[in-house]
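In this note's numbering, the protein residues as written are 33 to 320.
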């Protein structure tokens, strides 16, 4: 794993290199957890094409010595948009000379890239008039089915559990396997606050809970998700591609500020290849 807090001398005092394998630098980015990385973006390619298998081969029993029937799995191609996340920030020459300041700045840059990528993956909602040059966040993707079940009705604590359970079942009936459940912290509170008739938490003793799961499926709780939806998904149903993370430095751009300027860029893209293996659950607007 790349150690971005390492300090070197000379022009590379902030990082040991100016180009990074993204998954090494930001391994916690959700694009590496919630999707299947199917390619690497080279340069500024606005689109990526990924081959997929839409229908699996069908093995059958064959009598000894008999000809095996030829099978042809159905192949297809997924084409999706990629877009570049970019940022420019200034660092004073005094702080650039400080090992501690460089370490803190490196951690801050890594968090910023991770947060921006997570927000884009989950919640990006590009305007149609912009020409669809940005990828659409999973919670806003029109191809992903929206469940008829809802959650959030006052006095019905089991409603959210039932909705997630039904979504898991739906994904299974479409030959998928629910791998993750994604929600905002406020939505997760719907589950943690739910109690049975005796006032006991439906999730069990929170003091002994070591990880967030529902029916054994990991729950990703992130503020990058909308606070009125739940996403249940099979991460093999979503393909993605990322570029390396590029870092460039200029000692002249902020000369009059006695500072240096850094630029980061990271190109990403994704698309549900089999959207029926993902389900969006929405919060009800009814109070009854």
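Positions of the beta carbon are idealized from the N, C-alpha and C atoms, including for glycine.
Quantities reported herein were computed from a predicted structural model and do not represent experimental measurements.
Query raised in the report: In chain order, which alpha helix (DSSP H) runs of at least 4 residues are fully inside the stretch 134–217?
Result: 190–205
Report task. Could you check which residue in 55, 217, 191 and 79 has the C-alpha nearest to that of residue 179? Result -> 191
Report task. Please confirm whether residue 181 and residue 218 have their CB atoms less than 8 Å apart. Result -> no
Query raised in the report: In this structure, does DSSP put residue 34 in helix, strand or coil?
Result: Annotation note: pLDDT 38 at residue 34 (below 50); position unreliable, coordinate value reported separately. Here residue 34 sits in coil by DSSP.
Query raised in the report: So, is residue 225 buried or exposed, given that buried needs 16 or more other C-beta atoms within 10 angstroms?
Result: exposed
Query raised in the report: Roughly how many angstroms lie between the CA atoms of residue 149 and residue 79, to the nearest whole one?
Result: 17 Å
Query - Boundaries (first-last residue) of the alpha helix (DSSP H) holding residue 57 - result: 54–57
Report task. Reducing DSSP to helix, strand and coil, say where residue 251 ends up. Result -> strand
Requested in this report: Please state if the CB of residue 62 and the CB of residue 83 are separated by a distance shorter than 8 Å.
Outcome: no
Query raised in the report: Taking all protein chains shown into account, do 16 or more other C-beta atoms lie within 10 angstroms of the C-beta of residue 382, making it buried, or fewer, making it exposed?
Result: Only positions 33 to 320 of the chain appear in the structure, and residue 382 is not among them; the question remains open.
Query raised in the report: According to DSSP, is residue 234 helix, strand or coil?
Result: coil
Query - Helix, strand or coil at residue 219 according to DSSP, with G and I counted as helix - result: helix
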